[in-house]
Amino acid sequence: GAGVSQSPSNKVTEKGKDVELRCDPISGHTALYWYRQSLGQGLEFLIYFQGNSAPDKSGLPSDRFSAERTGGSVSTLTIQRTQQEDSAVYLCASSKGLAALAQYFGPGTRLLVL
Amino acid sequence: GESVGLHLPTLSVQEGDNSIINCAYSNSASDYFIWYKQESGKGPQFIIDIRSNMDKRQGQRVTVLLNKTVKHLSLQIAATQPGDSAVYFCAEKTSGTYKYIFGTGTRLKVLA
Numbered sequence: 001g002a003g004v005s006q007s008p009s010n011k012v013t014e015k016g017k018d019v020e021l022r023c024d025p026i027s028g029h030t031a032l033y034w035y036r037q038s039l040g041q042g043l044e045f046l047i048y049f050q051g052n053s054a055p056d057k058s059g060l061p062s063d064r065f066s067a068e069r070t071g072g073s074v075s076t077l078t079i080q081r082t083q084q085e086d087s088a089v090y091l092c093a094s095s096k097g098l099a100a101l102a103q104y105f106g107p108g109t110r111l112l113v114l
Numbered sequence: 001g002e003s004v005g006l007h008l009p010t011l012s013v014q015e016g017d018n019s020i021i022n023c024a025y026s027n028s029a030s031d032y033f034i035w036y037k038q039e040s041g042k043g044p045q046f047i048i049d050i051r052s053n054m055d056k057r058q059g060q061r062v063t064v065l066l067n068k069t070v071k072h073l074s075l076q077i078a079a080t081q082p083g084d085s086a087v088y089f090c091a092e093k094t095s096g097t098y099k100y101i102f103g104t105g106t107r108l109k110v111l112a
């Protein structure tokens with residue numbers, strides 16, 4: 001596709017349920033990033049991938065959060081046992097590589113935990 | 001921890017005037033800076049970037065200035081247009097890492 005795509009665009013879930021958020025990066029982009037944006041706030045770094053490996057997971061808020069990337073393309077962010085404070089917009093970005101610094105963002109997934 | 005532009009001010013400018021959006025950063029080891037524009041309901045859009053070995057970079061209608069002495073970054077938008085209305089974020093990357101620290105942003109309102 002022409003840009004980064006994310007699905008679903010909106011997700012409403014009940015506290016305690018697990019959710020999976022998907023990111024399709026720009027074709028050929030080897031680096032992929034996940035961020036979280038709470039209402040009226042800046043972007044909080046969660047994790048990045050170079051290929052299928054995630055050298056830095058330090059931004060994940062808790063062990064309920066995990067992410068994987070297979071085939072060097074699609075990535076999934078999983079939140080287990082969701083809490084109300086997990087409600088936010090989850091943004092994915094990709095770049096040509098870690099050294100190609102400009103990141104291109106998807107539209108985000110709006111997660112609401114009731 | 002490190003911080004970049006923690007406040008979310010609002011800047012209102014008349015259409016056609018120049019806009020200057022400021023950002024303070026605290027990590028002197030940051031080697032790369034980016035400005036993003038985020039419209040309501042959309043993901044951030046890359047505007048312009050600058051490396052720490054530069055103090056000025058120009059794009060189309062935009063200029064980024066970097067003052068490492070006072071750890072200050074600014075984005076200048078020439079002849080501001082209604083379509084420039086958005087939240088603008090600065091972000092920094094620390095040398096040796098690929099983590100980006102974003103500020104909370106500045107809301108730009110363009111008045112007709």
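Sequences listed follow chains A and B, in order. Take 1 as the starting number for the first sequence in this note's numbering and just add one per residue. Take 1 as the starting number for the second sequence in this note's numbering and just add one per residue. For each residue, glycine too, the CB sits at the ideal point set by N, CA and C. The model shown is predicted, which means the values in this text are computed figures rather than measured ones.
Three-state secondary structure (DSSP) of A/G97:
Start at 1 with the first residue of the first sequence, and residue 97 of chain A comes out as number 97. In this structure, A/G97 counts as strand in the three-state DSSP scheme.
B/T94 at chain A interface by Cβ criterion, 7 Å:
As a position in the second sequence, residue 94 of chain B is number 94, starting the count at 1. Taking Cβ atoms only, chain A never reaches closer than 7 Å to B/T94, which makes this a no.
Give the range of the beta strand (DSSP E) segment to which A/P55 is assigned.
Indexing the first sequence from 1 puts residue 55 of chain A at position 55. S53 to D56 is the span of the beta strand (DSSP E), which, as asked, contains A/P55.
Can you tell me whether DSSP reads A/E85 as helix, strand or coil?
Translated into the one-based positions of the first sequence, residue 85 of chain A becomes position 85. It is helical.
Please state whether the Cβ-Cβ distance between A/A115 and A/L77 is less than 7 Å.
There is no way to answer for residue 115 of chain A, as the model of chain A reaches only from 1 to 114.
Label A/R81 either buried or exposed according to how many other C-beta atoms from any shown protein chain fall within 10 Å of its C-beta, with 16 as the threshold for buried.
Residue numbering aside, residue 81 of chain A sits at position 81 when the first sequence is read from its first letter. Classification of A/R81: exposed, given that the 10 Å Cβ count is below 16.
With 16 as the cutoff for other CB atoms within 10 Å, does A/V4 come out buried or exposed?
The residue labelled residue 4 of chain A in the question sits at position 4 within the first sequence. Answer is buried; the Cβ neighbour count reaches 16.
On the DSSP bridge assignment, give the partners of B/T10 in chain order.
Counting from 1 along the second sequence, the entry for residue 10 of chain B is found at position 10. According to DSSP, which records beta bridges pairwise, B/T10 is partnered with B/R107.
Shorter than 7 Å from the beta carbon of A/G72 to some beta carbon of chain B?
Residue mapping note: residue 72 of chain A aligns to position 72 of the first sequence, counting from 1. So, not an interface residue.
Chain A beta carbons: is any one of them nearer than 7 Å to that of B/G103?
For the purposes of this step, residue 103 of chain B is taken as the residue at position 103 of the second sequence. Closer than 7 Å to some Cβ of chain A, the Cβ of B/G103 qualifies, so yes.
Taking 7 Å as the limit between beta carbons, can you name the residues of its chain near A/A88, skipping five residues before and five after?
By 1-based counting over the first sequence, the position of residue 88 of chain A is 88. Here the set comprises R36, Q37, S38 and L111.
Under a CB-based cut-off of 7 Å, is A/A54 close to chain B?
Translated into positions along the first sequence, residue 54 of chain A becomes position 54. Chain B, which has no Cβ nearer than 7 Å to the Cβ of A/A54, makes this no.
DSSP state of B/D17, grouped into three classes?
Your numbering for residue 17 of chain B matches position 17 in the second sequence. Coil at B/D17, not helix or strand.
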